[in-house]
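S.K.: Take this structure first; my questions come after.
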Ligand code: SF4
């Protein structure tokens, strides 16, 4: 992904460069430090679909070649599917489900993951209405005592509102926190 007119762009101020170019410069700076772990916090959020795809492809290739680990934060399960080996679906600071990305996307156990999948545009859902997750994200300053997903979960029971669900291990390496999930 060469940068056209690279010399001229090197002399440009950051605000004169595009979002994609600034992001590529940041990735280059991070990797120049011979990093072992790259934390990428929603790096492709403001980019167009084409540049986003280019950046994800480049990060995936670099990860293999330079052999660094990467924690990639995203609001998009589609992006997670493109870049990750393993995924942790978080809600209100706690994970609801963790596993290999293809397993979680093929067979999501946690209702919140199912809600995300149902509200994500996918080729197989063409012509169908997307199912929105009801209500709004929880207020992190006053979380409910039990499962944080309860106010937005269609399956919530009294016990969900009383205590945080235990972690259930689902062999080989899948884990979920929900009373509906049985090992
Ligand atoms: S523990 Fe209860 S509220 Fe939480 S996701 Fe499972 S069913 Fe819904």
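Residue numbers (our numbering): 167 to 349. For every residue, glycine included, the Cβ atom is placed at its ideal position computed from N, Cα and C.
How many Å lie between residue 346 and residue 311 at the Cα?
M.R.: Sequence index remark: in the chain shown, residue 346 carries index 180 (1-based). Sequence index remark: in the chain shown, residue 311 carries index 145 (1-based). Each residue's Cα considered, the two are about 18 Å apart.
S.K.: Quick one: is the Cβ of residue 262 within less than 8 Å of any heavy atom of the ligand SF4?
M.R.: Translated into the one-based positions of the chain shown, residue 262 becomes position 96. Because some heavy atom of the ligand SF4 lies under 8 Å away, the Cβ of residue 262 counts as near it: yes.
S.K.: The beta strand (DSSP E) spanning residue 266 covers which residue range?
M.R.: Residue numbering aside, residue 266 sits at position 100 when the chain shown is read from its first letter. Residues 260 to 266.
S.K.: Within 10 angstroms of its Cβ, does residue 241 collect 16 or more other Cβ (buried), or is it exposed?
M.R.: Locating residue 241 in the chain shown gives position 75, where the first residue counts as 1. Burial call: exposed.
S.K.: Rounded to whole angstroms, what's the CA-CA distance from residue 327 to residue 304? Just pull it up for me.
M.R.: Here the question's residue 327 lines up with position 161 in the chain shown. Here the question's residue 304 lines up with position 138 in the chain shown. Cα to Cα, residue 327 sits roughly 14 Å from residue 304.
S.K.: Does the beta-carbon of residue 277, which I'm using as the reference point, lie nearer than 8 Å to any heavy atom of the ligand SF4?
M.R.: Looking up residue 277 in the chain shown gives position 111. Residue 277: yes, Cβ under 8 Å from the ligand SF4.
S.K.: Mind checking whether the beta-carbon of residue 315 lies closer than 8 Å to any heavy atom of the ligand SF4?
M.R.: Here the question's residue 315 lines up with position 149 in the chain shown. Checking every heavy atom of the ligand SF4 against the Cβ of residue 315, one is found closer than 8 Å.
S.K.: Straight-line CA distance for residue 306 to residue 339?
M.R.: Stepping through the chain shown from its first residue, residue 306 is reached at position 140. Stepping through the chain shown from its first residue, residue 339 is reached at position 173. Roughly 29 Å separates the two Cα atoms.
S.K.: Less than 8 Å between the CB atoms is what I'm expecting for residue 298 and residue 315, so what's the real figure, rounded?
M.R.: Here the question's residue 298 lines up with position 132 in the chain shown. Here the question's residue 315 lines up with position 149 in the chain shown. Contact flag wrong, Cβ pair sits at about 15 Å.
S.K.: Between which residues of its own chain and residue 282 is the CB-CB distance below 6 Å, once the five residues before and five after are set aside?
M.R.: The sequence position of residue 282 within the chain shown is 116, counting from 1. Within the same chain, residue 282 has close Cβ partners 243.
S.K.: Drop a sphere of 10 angstroms on the beta-carbon of residue 275, count the other beta-carbons inside from all chains shown, and report buried for 16 or more, exposed for fewer.
M.R.: Your numbering for residue 275 matches position 109 in the chain shown. The residue is buried, with at least 16 neighbouring Cβ atoms inside 10 Å.
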